[in-house]
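Inspection log for the structure reproduced underneath, given as structure tokens.
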């Protein structure tokens, strides 16, 4: 499939602060492409540049063959934006909002009404179309927010964290809508989020972005495969690089890295949700073990340490998912 | 079409906000009514002397200072109770009228006493300033006319009786002809004559001095336009706030990602406020035309050339909304919008003649120069010329040209400096 979006070394600086640094990627037509990263990573800034809200500092991008800086009106005709903030007029009804947003894309008369009916059905708000937005729940407002980005049937839809603050029912409805738009209507979608689960559910390919740079880009399967069978953090009373080397030779172990005892200059090792990080509990160094098969690797490693009479102070297992991939690449959690 | 769609949407949003409607229409009307009533009440032909007598002073220029009848006339005015006569010379009276220290004075002619003594008619003239309170002028005329008629009646009756006496003494044989009935008939005839052809006529005349004409200050024709200009330019902050609310609410981001240019977006934000401002102007002038006369202030029309008034109003509204675009581009927070709006609009409103008549500001050279640097003064000048001077559209084109130039500068700065981030 041809590329609907080509981004080439796009950057954005606000004064001395580089919010986005030379990012490059492409999105195929008909693809759901994820931009995954924590808050402040540069996702919204990237979307803002691509949708013409703010100009890039350098670099370029082409959407549908049109240059975003030289042919902005042509670009804007074929894209839709669902911003992170609710971009609606609260005192107007859902229908009035959609009528307005459809009209600024050149829709008129019966065609406009038909499209509005269509998107109201997609977001399942037909029966509330005449009620003012201010009377809607948060989830319903989000659905109207999405509908407003769809009414002109864009070729490429940018969804910027569309489920923030949304109840589970509305969240699931949003997921269903996104998949339906893509599978049934062939709409290309760029989906940004800091929720791993959403990106894993919806996206074909994911770019992991942190501090303004893309640190990994691939299918979810390939990204997760970076971790092999998982990652095990072993807090030990005493260890060194030689010990890590021996552990790395064990069956079912892909690699092992010695991490010295936590000092102020080192990144603390994050813990699982709700637990204190291992480095806070560990009194000594840590060995990070990348497993081919996590269960077998644990058995082999524990047996090895037992033979050597090396005391284990802590043990954490990170399952292979995007969160772990992010952690593995950056040493940080997606949601701090 | 996009601009019209943006306009319709904003009008729909604005009309859902009832508070905004009150601000837009009711407040200026209340302001005008209070202001004009206060100014009207203060029109008392002020005197520089402080006395315990609280009657309204009436300046009298007695060109017949030695004449007994002139002195009697002034004394009777004093006794009539409505006004307190204050005598001054003609030059002094003219100067005080010119500077609006007084709104009227009367002139007793030099031949007043001599003419009355010889039974010849004479005129007392009341000179009024064009800005004078109509009701007070009418009341003054009634009082002066009443005194004049009383004196006329007395003099004419006495003259009639004197004539009869002269006739009687000249023809003693005919004394029986001068019975009571005849005398009463003669008296009645003189009484009627004094009413239809009084010896003393009182006329009103508008001041003819050039300075007075230049400083033409009809309260209705000056205060209302000044307040219109003030409130129209206050609408600039409404435009700025509308753009700020779009940014804060998030909808600006969606609008910027839509296929419309920055100019179309700004015009779409200006248009609804421009339309509402025009309606606001119509409402304010309607109050001037139909409500102010009920308060005795004087009816405010739209001048001799309605097209001039309409085009001027549209240009002033346009200038205000363009100023709002510029404020939106320069101010980044709500606080900055308020601060910049207040500083710009109230200060320039003052310099522009919105609160103090422009001709008074022009008395001070520095203020006069500064006032020419603000669009409000050109707007006030245009309205003053149309409403008080009867200017046509062609006459005010230079002012409108300046206002359009201001508009262009504001719009260009606003569009070019506007940033989302």
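Residue numbers (the numbering used here), protein chains in the order written: chain D, 1 to 336; chain G, 337 to 757. Note that the Cβ used here is the ideal one computed from N, Cα and C, for glycine as well.
Chain D beta carbons: is any one of them nearer than 7 Å to that of residue 587 (chain G)? Yes, residue 587 (chain G) lies at the interface with chain D (some Cβ there is under 7 Å from its Cβ).
Tell me where the beta strand (DSSP E) around residue 158 (chain D) begins and ends. Residue 158 (chain D) -> beta strand (DSSP E) spans 156-160.
Could you check whether residue 44 (chain D) and residue 210 (chain D) sit closer than 7 Å to each other, using their CB atoms as the reference points? No; because the gap between Cβ atoms is not below 7 Å, this pair is not in contact.
Residues from the stretch 572-600 of chain G in contact with chain D, defined by Cβ distance under 7 Å: Near chain D, meaning a CB-to-CB distance below 7 Å, the residues of the stretch 572-600 of chain G are 586, 587, 589, 590, 592, 593, 594, 595 and 596.
Taking the straight line between their C-alpha atoms, what separation do you get for residue 589 (chain G) and residue 203 (chain D)? About 25 Å.
Listed in chain order, which residues of the stretch 99-129 of chain D have Cβ atoms closer than 8 Å to some Cβ of chain G? For the stretch 99-129 of chain D, the residues whose beta carbon sits under 8 Å from a beta carbon of chain G are, in order, 100, 101, 103, 104, 105 and 106.
Three-state secondary structure (DSSP) of residue 255 (chain D): Three-state result, residue 255 (chain D): strand.
So, residue 78 (chain D) versus residue 162 (chain D), is the Cβ gap smaller than 7 Å? Taking 7 Å as the Cβ cut-off, residue 78 (chain D) and residue 162 (chain D) do not qualify as a contacting pair.
Runs of alpha helix (DSSP H) wholly within the stretch 414-477 of chain G (minimum 4 residues, chain order): Counting whole runs of 4 or more residues, the stretch 414-477 of chain G contains the alpha helix (DSSP H) stretches 426-434 and 448-453.
Chain-order list of residues whose beta-carbon lies under 6 Å from that of residue 717 (chain G) (same chain, five-residue window excluded): Correct list, in chain order: 735.
Evaluate the contact criterion for the stretch 54-65 of chain D versus the stretch 97-108 of chain D: three or more CB pairs, one atom per stretch, below 8 Å. Short answer: they don't touch.
Within 7 Å (strictly less), CB to CB, does residue 469 (chain G) reach chain D? Residue 469 (chain G) does not count as touching chain D.
Sheet register partners of residue 132 (chain D) (DSSP bridge): Its beta-bridge partners are D:93.
Report the residue from D:207, D:298 and D:216 whose alpha carbon sits nearest the alpha carbon of residue 251 (chain D). The closest CA to that of residue 251 (chain D), considering only D:207, D:298 and D:216, is found on D:298.
Where DSSP assigns a beta bridge to residue 27 (chain D), which residues make up the other side? Answer is D:5, bridged to residue 27 (chain D).
Backbone secondary structure at residue 382 (chain G) - three-state DSSP: Model confidence at residue 382 (chain G) stands at a pLDDT of 41, short of 50, so the residue's coordinates are unreliable and nothing is read from them.
If the criterion is Cβ atoms closer than 7 Å, does the pair residue 620 (chain G) and residue 564 (chain G) meet it? Going by C-beta atoms, residue 620 (chain G) is nearer than 7 Å to residue 564 (chain G).
Here's a check: name, in chain order, each residue in its chain whose Cβ is nearer than 8 Å to the Cβ of residue 29 (chain D), leaving out the five neighbours to either side. Counting only Cβ-Cβ distances below 8 Å, and skipping sequence neighbours, we find 1, 2, 3, 4, 155, 186 and 188.
For residue 360 (chain G), which residues of its own chain have a beta-carbon under 7 Å away from its beta-carbon, when the five flanking residues on both sides are left out? The beta carbon of residue 360 (chain G) sits closer than 7 Å to the beta carbons of 612 and 616 from its chain, once the five residues preceding and following it are set aside; these are given in chain order.
Got a sec? Which residues, its chain only, sit under 6 Å from residue 346 (chain G) by beta carbon, not counting five neighbours each side? Non-local beta-carbon contacts of residue 346 (chain G) in its own chain, meaning distances under 6 Å to residues more than five positions away in sequence, involve 608 in chain order.
Nearest-angstrom Cα separation, counted from residue 478 (chain G) out to residue 535 (chain G): So the two alpha carbons sit approximately 16 Å from each other.
What are the residues in the stretch 79-90 of chain D lying within 9 Å of chain G by C-beta distance? Listed by position, the residues of the stretch 79-90 of chain D near chain G (Cβ gap below 9 Å) are 79, 80, 81, 82, 83, 84, 85, 86, 87, 88, 89 and 90.
Label residue 743 (chain G) either buried or exposed according to how many other C-beta atoms from any shown protein chain fall within 10 Å of its C-beta, with 16 as the threshold for buried. So residue 743 (chain G) counts as buried.
Chain G contacts made by the stretch 24-47 of chain D, where a contact means CB separation under 8 Å: Cβ contacts with chain G come from no residue of the stretch 24-47 of chain D.
Give the secondary structure of residue 272 (chain D) by DSSP, where H, G and I count as helix, E and B as strand, and everything else as coil. With a pLDDT of 40 at residue 272 (chain D), under the threshold of 50, the predicted position of this residue should be treated as unreliable, and no value is reported.
Which two residues bound the contiguous alpha helix (DSSP H) that contains residue 298 (chain D)? From DSSP, the alpha helix (DSSP H) with residue 298 (chain D) extends over 294-308.
Compare the Cα-Cα distances from residue 746 (chain G) to each of G:722, G:726 and G:711 and report the closest residue. For residue 746 (chain G), the closest of G:722, G:726 and G:711 by C-alpha to C-alpha distance is G:711.
Near-chain D residues of the stretch 343-373 of chain G - C-beta to any C-beta below 7 Å: Answer set for the stretch 343-373 of chain G: 345, 348, 349 and 352.
So which residues of chain G does residue 148 (chain D) contact, with C-beta pairs closer than 8 Å? In chain order: 590.
Quick check on DSSP: helix, strand or coil for residue 290 (chain D)? Assigned with DSSP and collapsed to three states, residue 290 (chain D) falls in strand.
Report yes or no: do three or more beta-carbon pairs, one from the stretch 461-476 of chain G and one from the stretch 436-444 of chain G, lie closer than 8 Å? Contact between the stretch 461-476 of chain G and the stretch 436-444 of chain G is present, because at least three Cβ pairs lie under 8 Å.
Inter-residue CB distance, residue 342 (chain D) and residue 289 (chain D) (contact presumed, cutoff 8 Å): Shown here, chain D extends from 1 to 336; a query on residue 342 (chain D) therefore has no answer.
Under the three-state DSSP convention, the category residue 73 (chain D) falls into: In the three-state reduction of the DSSP assignment, residue 73 (chain D) falls in the helix class, which pools H, G and I.
In chain order, what residues of the same chain have a beta carbon less than 8 Å from the beta carbon of residue 460 (chain G), not counting five sequence neighbours either side? Sequence-distant partners of residue 460 (chain G) (beyond 5 residues in either direction) whose C-beta falls short of 8 Å from its own C-beta, in its chain, are 409, 442, 443, 444, 445, 448, 480, 484, 536, 537, 538 and 539.
Answer with yes or no whether the minimum CB distance from residue 762 (chain G) to chain D is below 7 Å. Chain G is shown from 337 up to 757; residue 762 (chain G) falls before or after that span and cannot be answered.
Mind checking if residue 51 (chain D) is an interface residue toward chain G, Cβ cutoff 7 Å exclusive? At least one chain G Cβ lies under 7 Å of residue 51 (chain D).
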